[in-house]
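Those protein sequence lines, which keep their order, are chains B and Z.
Quick note on numbering: the first sequence equals residues 1 to 143 in the working numbering.
Quick note on numbering: the second sequence equals residues 144 to 263 in the working numbering.
Cβ atoms here follow ideal geometry from the backbone N, Cα and C, with glycine treated the same way.
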Amino acid sequence: MKNKAHLSILSNSSNIGLSRIAVATFASELDFTLSELEEIKVAISEAVTNSIIHGYPDKFGDIDIDMKINENVLEVSVADYGVGIKDVDEVLKPSYSTLDGHMGLGLAFIDSFMDDFELDSELEKGTVIIMRKSPEQLKNAVE
Amino acid sequence: MELKAICQDNIGIIKLIGELDMHSASDLNESINTIRKNNIKLIILNFSKVSFVDSTGLGVILGRYRVIAAENGQILLVGLKPQVKKIFELSGILNVMPLFDDENSAKIYLQKKGGYSFEK
């Protein structure tokens, strides 16, 4: 099975809900359980929130969400064109946060709820996070 | 997200309805602060009608908890749905905030701890 979809949003917090619902609806084409779809919603919410808060701290900007299904793998990329990350390795450390009132759990949740993810960033160019997940029941069937 | 806050017997009870993320987190922050301004330090957050919470929502709850705990207050959680409970468990918040199935159980817990008394 192959499919793809694209969602382009402004970095407005009111679009976070739209993003996670859109990706979860797209993902439901695969045999994800309701629990797995909830996990995907959390991961998307975290990625889009990061783009809004960290990518565009002082202004609104574009966020592109690309969704793909290839065989039984869901791949979602969330890209912003904002300030970028100076030290990606530092950001990937547990509980890393630059802001008061934030727990630094966003990437930890993405790591927990998706099979794998990649973070790529360049200063003043932007940041993209690519996340992948397959339905657990299909993985068990293969084993 | 819709928030319904009431103060009763020296306890602030906030019923949350909808999804708690960055977009709605500031409303919860404001609601808790409004209760604190009435010198109420025991707050029950009822999540029984919340279908989604992410780390920004958790961050607001933990941030308010730190302030309230420093004043010898407490935040109690009620009615976490399984998918929401998983997020709270992963964050470690349930190690510092007690969780109850319903509001009445949370009130009985506070009464037993001497945290408040029913108004006659």
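Chain Z within 8 Å of residue i, Cβ atoms only
| i | result |
| --- | --- |
| Asp77 of chain B | It should be noted that the sequence gives Ser, not Asp, for residue 77 of chain B. No, no contact with chain Z. |
| Phe109 of chain B | yes |
| Ile65 of chain B | no |
| Gly106 of chain B | yes |
| Val42 of chain B | yes |
| Thr49 of chain B | yes |
| Ser11 of chain B | no |
| Ile69 of chain B | no |
| Gly17 of chain B | yes |
| Ile85 of chain B | no |
| Ser112 of chain B | yes |
| Ser28 of chain B | no |
| Ile52 of chain B | yes |
| Ser8 of chain B | no |
| Glu36 of chain B | no |
| Glu46 of chain B | yes |
| Ser14 of chain B | yes |
Beta-carbon gap between residue i and residue j smaller than 8 Å
| i | j | result |
| --- | --- | --- |
| Asn189 of chain Z | Glu246 of chain Z | yes |
| Asp87 of chain B | His6 of chain B | no |
| Ile52 of chain B | Met165 of chain Z | yes |
| Gly232 of chain B | Ser11 of chain B | As shown, chain B starts at 1 and ends at 143. That puts residue 232 of chain B outside it, with no answer to give. |
| Ser198 of chain Z | Leu18 of chain B | no |
| Ala148 of chain Z | Ile157 of chain Z | yes |
| Glu71 of chain B | Pro135 of chain B | no |
| Val227 of chain Z | Val193 of chain Z | yes |
| Gln137 of chain B | Asp31 of chain B | yes |
| Ile160 of chain Z | Ala249 of chain Z | no |
| Gly155 of chain Z | Ile183 of chain Z | yes |
8 Å contact criterion, which residue i and residue j should meet: CB distance rounded
| i | j | result |
| --- | --- | --- |
| Val48 of chain B | Ile63 of chain B | 6 Å |
| Val73 of chain B | Arg132 of chain B | 6 Å |
| Glu118 of chain B | Ile110 of chain B | Actually they are not in contact, since the Cβ atoms of Glu118 of chain B and Ile110 of chain B sit about 11 Å apart, beyond 8 Å. |
| Leu185 of chain Z | Gln151 of chain Z | At roughly 10 Å, the Cβ-Cβ gap does not stay under 8 Å, so Leu185 of chain Z and Gln151 of chain Z are not in contact. |
| Leu163 of chain Z | Gly200 of chain Z | 4 Å |
| Ile85 of chain B | Ser121 of chain B | 4 Å |
| Val42 of chain B | Ile230 of chain Z | 7 Å |
| Val76 of chain B | Ile44 of chain B | 7 Å |
Check: residue i C-beta below 7 Å from any heavy atom of the ligand MG
| i | result |
| --- | --- |
| Lys147 of chain Z | You won't find the ligand MG in this model; it holds no ligand whatsoever. |
Test: residue i CB closer than 8 Å to a CB of chain B
| i | result |
| --- | --- |
| Ile175 of chain Z | no |
| Ile187 of chain Z | no |
| Ile178 of chain Z | no |
| Ile230 of chain Z | yes |
Quiz item: When Cβ atoms are compared, which residues of the region 145-172 of chain Z fall closer than 7 Å to chain B?
Solution: Flagged, chain order: Glu162, Asp164, Met165 and His166.
Exercise. With 7 Å as the C-beta to C-beta threshold (strictly closer), list the residues of the region 191-218 of chain Z near chain B in chain order.
Key: Hits within the stretch, in order: Phe195, Asp197, Ser198, Thr199, Leu201, Gly202, Val203, Leu205 and Gly206.
Self-check item: Segment contact flag, the region 221-241 of chain Z with the region 124-137 of chain B, C-beta cutoff 8 Å, min 3 pairs
Solution: Output reads no: the region 124-137 of chain B does not touch the region 221-241 of chain Z.
Exercise. State whether the region 80-95 of chain B contacts the region 53-63 of chain B, with contact taken as three or more CB pairs (one from each stretch) at a distance under 8 Å.
Key: The answer is yes - the region 53-63 of chain B touches the region 80-95 of chain B, with three or more Cβ pairs under 8 Å.
Quiz item: Do the region 14-27 of chain B and the region 203-218 of chain Z touch if we need at least three Cβ pairs shorter than 8 Å?
Solution: The region 14-27 of chain B vs the region 203-218 of chain Z: no contact.
Quiz item: According to a CB-to-CB cut-off of less than 7 Å, which residues of the region 234-263 of chain Z neighbour chain B?
Solution: Within the region 234-263 of chain Z, the residues whose Cβ lies closer than 7 Å to some Cβ of chain B are Ser234, listed in chain order.
Exercise. Take every Cβ of the region 158-177 of chain Z, pair it with every Cβ of the region 235-242 of chain Z, and state whether three or more of those distances are shorter than 8 Å.
Key: In short, these stretches do not touch, since the Cβ pair count stays below three.
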